[in-house]
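All remarks here apply to the structure that follows.
There are 2 protein chains.
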Amino acid sequence: MTITTEQMRFWSPAVRELEPYVPGEQPKIQNLLKLNTNENPYPPSEKVVAAVQAVLANSADALRLYPDPDATALKHAIAKQQGVGVSQVFVGNGSDEVLAHIFKAFFVQNEPVLYPDITYSFYPVYSQFFNVQTKEIPLNENFEIVIEDYKQVNGGIIIANPNAPTSIALSLAQIEEILKANPDRVVVIDEAYVDFGAESAVSLVSKYENLVVCQTTSKSRSLAGLRVGFAIAQDHLIAALEAVKNSFNSYPIDRFAIAAAVASFEDQVYFVEQCNKVIASRDKLIVELEQIGFDVLPSKANFIFASLPTKDAGELAKELRERGIIVRYFNKPRINRFLRITIGTDEQNQRFVDALKNEILV
Amino acid sequence: MTITTEQMRFWSPAVRELEPYVPGEQPKIQNLLKLNTNENPYPPSEKVVAAVQAVLANSADALRLYPDPDATALKHAIAKQQGVGVSQVFVGNGSDEVLAHIFKAFFVQNEPVLYPDITYSFYPVYSQFFNVQTKEIPLNENFEIVIEDYKQVNGGIIIANPNAPTSIALSLAQIEEILKANPDRVVVIDEAYVDFGAESAVSLVSKYENLVVCQTTSKSRSLAGLRVGFAIAQDHLIAALEAVKNSFNSYPIDRFAIAAAVASFEDQVYFVEQCNKVIASRDKLIVELEQIGFDVLPSKANFIFASLPTKDAGELAKELRERGIIVRYFNKPRINRFLRITIGTDEQNQRFVDALKNEILV
Chain F
1 MTITTEQMRF WSPAVRELEP YVPGEQPKIQ NLLKLNTNEN PYPPSEKVVA AVQAVLANSA
61 DALRLYPDPD ATALKHAIAK QQGVGVSQVF VGNGSDEVLA HIFKAFFVQN EPVLYPDITY
121 SFYPVYSQFF NVQTKEIPLN ENFEIVIEDY KQVNGGIIIA NPNAPTSIAL SLAQIEEILK
181 ANPDRVVVID EAYVDFGAES AVSLVSKYEN LVVCQTTSKS RSLAGLRVGF AIAQDHLIAA
241 LEAVKNSFNS YPIDRFAIAA AVASFEDQVY FVEQCNKVIA SRDKLIVELE QIGFDVLPSK
301 ANFIFASLPT KDAGELAKEL RERGIIVRYF NKPRINRFLR ITIGTDEQNQ RFVDALKNEI
361 LV
Chain R
1 MTITTEQMRF WSPAVRELEP YVPGEQPKIQ NLLKLNTNEN PYPPSEKVVA AVQAVLANSA
61 DALRLYPDPD ATALKHAIAK QQGVGVSQVF VGNGSDEVLA HIFKAFFVQN EPVLYPDITY
121 SFYPVYSQFF NVQTKEIPLN ENFEIVIEDY KQVNGGIIIA NPNAPTSIAL SLAQIEEILK
181 ANPDRVVVID EAYVDFGAES AVSLVSKYEN LVVCQTTSKS RSLAGLRVGF AIAQDHLIAA
241 LEAVKNSFNS YPIDRFAIAA AVASFEDQVY FVEQCNKVIA SRDKLIVELE QIGFDVLPSK
301 ANFIFASLPT KDAGELAKEL RERGIIVRYF NKPRINRFLR ITIGTDEQNQ RFVDALKNEI
361 LV
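Going down the list, the protein sequences come from chains F and R. End of the first sequence = 362 in the numbering used here, gap-free, step of one. End of the second sequence = 362 in the numbering used here, gap-free, step of one.
Quick look at the structure:
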């Protein structure tokens with residue numbers, strides 16, 4: 001729709017300039033193979049179903065009552081699974097909300113927040129929303145983060161690890177180097193994809209008072225439909241996030257989401273098993289794609305970032321789409337020759353490879 | 001916990017000054033009569049249970065996928081029930097989130113937003129959070145909103161109707177007078193309690209390009225545990241809210257909440273029946289309390305605001321609490337002689353009255 005200049009007078013001036021985030025599409029197509037939003041191909045733990053059934057007991061009478069505004073049961077389950085204290089856990093309505101609160105809590109400073117030029121595209125959006133100054137730090141030619149670049153004056157640092165959409169991970173030693181170089185600023189490690197093979201920085205939380213680790217249940221726990229994310233940090237940083245959260249929305253997580261997420265965190269066996277399946281499928285898919293001629297960046301995520309030297313990536317995405325296979329293509333400088341492909345089941349990955357081998361690249 | 005000055009260096013300066021909202025407590029006490037947070041005493045529509053069961057089908061496989069970021073099915077259900085167009089509906093994670101987005105979208109102006117001195121205590125919190133200037137307009141001695149006071153220079157107006165915690169409602173004619181007097185500013189009518197006897201301003205949306213009506217499923221639909229709120233306005237104002245929402249969190253409403261809320265909006269018969277029961281119980285309770293000597297403000301909400309000239313309200317709240325009955329007491333100027341009492345079932349209200357008559361006031 002078109003908004004007239006006259007109608008625009010009602011908007012807050014800063015809101016007229018916003019450039020919102022654009023999520024991967026959620027098309028409603030039959031027999032669609034959806035490899036575009038890094039969802040998990042497996043269902044969540046079966047304990048999730050029982051937990052939600054319990055909320056429905058007695059004609060869903062529990063729904064008439066507000067949820068626990070602190071989601072204490074969920075914080076306990078996360079703390080136990082992560083091996084940290086309950087007061088070191090913050091929870092939110094998806095890690096997107098947790099990240100928004102992080103930008104408000106720590107990054108509204110006189111110096112710019114640093115993040116890579118190629119990374120989660122919501123970071124510049126949060127920055128604009130909360131009037132945070134930013135400085136984008138270019139990845140090197142291999143799409144790697146250069147640690148030395150994060151040793152300059154800043155108002156905070158946020159790094160996705162593994163990075164998205166590149167899929168490349170930093171080591172814990174590299175993260176520690178950044179933490180040590182910035183003792184007066186918060187360093188956020190956004191670990192949305194960490195469970196698929198990277199090292200989590202949660203083990204560093206007790207040692208570094210400036211570290212915030214952010215994770216989500218959307219990918220490795222198959223709960224994208226639920227909207228539960230969390231941050232782990234020392235108490236004094238969690239307190240800032242709670243102050244922000246309680247100035248925005250007292251009850252961000254509903255009764256179903258709390259119950260279902262608790263059940264997921266309590267089923268560690270299923271969690272590990274399912275992550276390992278995705279990792280195995282990824283490594284198999286990479287071999288297959290390399291055989292066809294793709295260059296694939298080294299992935300520690302549940303997606304890969306791949307390019308085919310002989311074919312335009314946008315065209316390739318279009319031809320896949322015509323066959324009901326959706327991958328993510330970013331028409332942006334430096335990465336417009338790549339496709340970001342979510343890891344499916346072995347059968348789904350095979351359908352993708354077959355479409356390339358037998359139809360598109362013949 | 002205590003945060004040291006040294007630890008505070010990590011916080012954004014403005015966040016160090018925040019004074020967050022404090023929600024009504026959610027105590028875990030046996031046989032508690034909870035009349036403190038304006039929840040509905042009846043369960044939600046039974047159609048809600050079936051809708052959530054459907055999400056759980058096939059081992060809850062649907063949960064691995066992100067929800068529709070636009071919650072289109074929910075917007076359709078609300079539009080149908082409210083008699084407006086789908087593009088006139090905005091949805092959020094509880095009306096608290098919708099209100100937060102409203103403050104950001106419309107009220108960050110050079111002039112102050114106007115609201116009553118006695119009203120929902122989250123308004124000043126949002127204002128501080130988004131750096132919105134404010135001007136509190138005193139209610140008159142009968143705790144009524146004075147329409148003339150809202151005809152002055154402002155950056156927007158927000159009025160809870162019925163107002164909380166007073167329970168007193170404006171007429172549509174009064175609201176129209178405010179809308180006409182402020183053709184260049186957004187006027188928000190926060191109708192959290194409207195379904196218990198007040199007139200909704202939704203019928204005015206097509207006529208006034210500056211009107212935003214905000215409602216919630218938490219009270220009249222018994223879905224406080226679900227976190228679904230919505231706003232209704234002309235398309236050009238909804239577009240501002242969408243720009244703000246998509247700069248903060250793409251997927252604020254989870255799959256359970258979407259399904260359950262849709263089912264609730266589709267069961268209009270149960271909705272009307274249940275609201276009428278609460279209204280009847282309220283009117284009965286007011287008569288009983290007046291007989292004991294209470295002054296009760298004229299309520300169009302699912303709560304009443306009542307004072308007893310012969311007894312300190314804080315003391316009364318304490319004695320009720322000792323008997324497992326919790327009501328809300330605000331230790332604030334002008335209203336510290338009142339209790340805000342949520343309407344329960346007739347049996348619950350009787351327990352409350354009996355405790356007063358037979359134990360506390362003997």
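Just so you know, even glycine gets a beta-carbon here, dropped at the ideal spot from N, CA and C.
Rounded to whole angstroms, what's the CA-CA distance from residue i to residue j? Just pull it up for me.
i	j	result
Asn-38 of chain F	Leu-339 of chain F	13 Å
Phe-248 of chain R	Gln-350 of chain R	45 Å
Ser-222 of chain R	Asp-68 of chain F	16 Å
Glu-273 of chain R	Leu-74 of chain F	35 Å
Lys-277 of chain F	Tyr-193 of chain F	15 Å
Pro-162 of chain R	Asn-336 of chain F	54 Å
Ala-239 of chain R	Leu-285 of chain R	43 Å
Arg-321 of chain R	Tyr-270 of chain F	45 Å
Asn-154 of chain R	Gln-348 of chain R	44 Å
Lys-47 of chain F	Lys-80 of chain F	17 Å
Gly-85 of chain R	Asn-40 of chain R	28 Å
Asn-182 of chain F	Val-108 of chain F	16 Å
Pro-13 of chain F	Ala-243 of chain R	13 Å
Does the distance from the CB of residue i to the CB of residue j come in under 8 Å?
i	j	result
Asn-58 of chain R	Phe-10 of chain F	no
Leu-33 of chain R	Gly-344 of chain R	yes
Ile-159 of chain R	Tyr-208 of chain R	no
Val-113 of chain F	Ile-157 of chain F	yes
Ile-292 of chain F	Ser-167 of chain F	no
Gln-174 of chain R	Ile-137 of chain R	no
Cys-214 of chain R	Asp-235 of chain R	no
Phe-106 of chain F	Val-205 of chain F	no
Ala-355 of chain R	Arg-323 of chain R	yes
Leu-297 of chain F	Ile-360 of chain F	no
Asn-31 of chain R	Ile-326 of chain R	no
Arg-255 of chain R	Gly-225 of chain F	yes
Tyr-150 of chain R	Ser-250 of chain F	no
Gly-229 of chain F	Ser-95 of chain F	yes
Ala-263 of chain F	Ser-45 of chain F	yes
Ile-341 of chain R	Asn-93 of chain R	no
Val-52 of chain R	Leu-65 of chain F	no
Ala-169 of chain R	Ala-198 of chain R	yes
Val-212 of chain F	Leu-237 of chain F	yes
Cys-275 of chain F	Asp-195 of chain F	yes
Ala-306 of chain F	Leu-289 of chain F	yes
Phe-129 of chain F	Leu-18 of chain F	yes
Just verifying my parser: in three-state terms, what is the DSSP assignment at residue i?
i	result
Pro-124 of chain F	helix
Asp-70 of chain F	coil
Ile-238 of chain F	helix
Val-91 of chain R	strand
Lys-34 of chain R	strand
Val-296 of chain F	strand
Gln-350 of chain F	helix
Leu-289 of chain F	helix
Leu-211 of chain F	strand
Phe-10 of chain R	coil
Gly-229 of chain R	strand
Phe-3 of chain F	Per the sequence shown, the amino acid found at residue 3 of chain F is Ile instead of Phe. Reduced to three states, the DSSP call for Ile-3 of chain F is coil.
Val-187 of chain F	strand
Ile-157 of chain F	strand
Since I believe residue j is in contact with residue i (beta carbons under 8 Å), could you give me their beta-carbon distance rounded to a whole number of angstroms?
i	j	result
Val-132 of chain F	Phe-90 of chain F	So it is not a contact: roughly 19 Å between Cβ atoms.
Ala-231 of chain F	Val-49 of chain F	Actually they are not in contact, since the Cβ atoms of Ala-231 of chain F and Val-49 of chain F sit about 27 Å apart, beyond 8 Å.
Phe-294 of chain F	Leu-308 of chain F	5 Å
Phe-265 of chain R	Ala-77 of chain R	4 Å
Ala-233 of chain F	Gln-88 of chain F	6 Å
Arg-328 of chain R	Gly-24 of chain R	6 Å
His-101 of chain F	Lys-245 of chain F	6 Å
Pro-43 of chain F	Ala-60 of chain R	6 Å
Could you name the residues that DSSP lists as bridge partners for residue i?
i	result
Cys-275 of chain R	Per DSSP, none; premise fails for Cys-275 of chain R.
Thr-134 of chain F	F:Val-113
Ile-341 of chain F	F:Ile-304
Arg-328 of chain R	R:Arg-340
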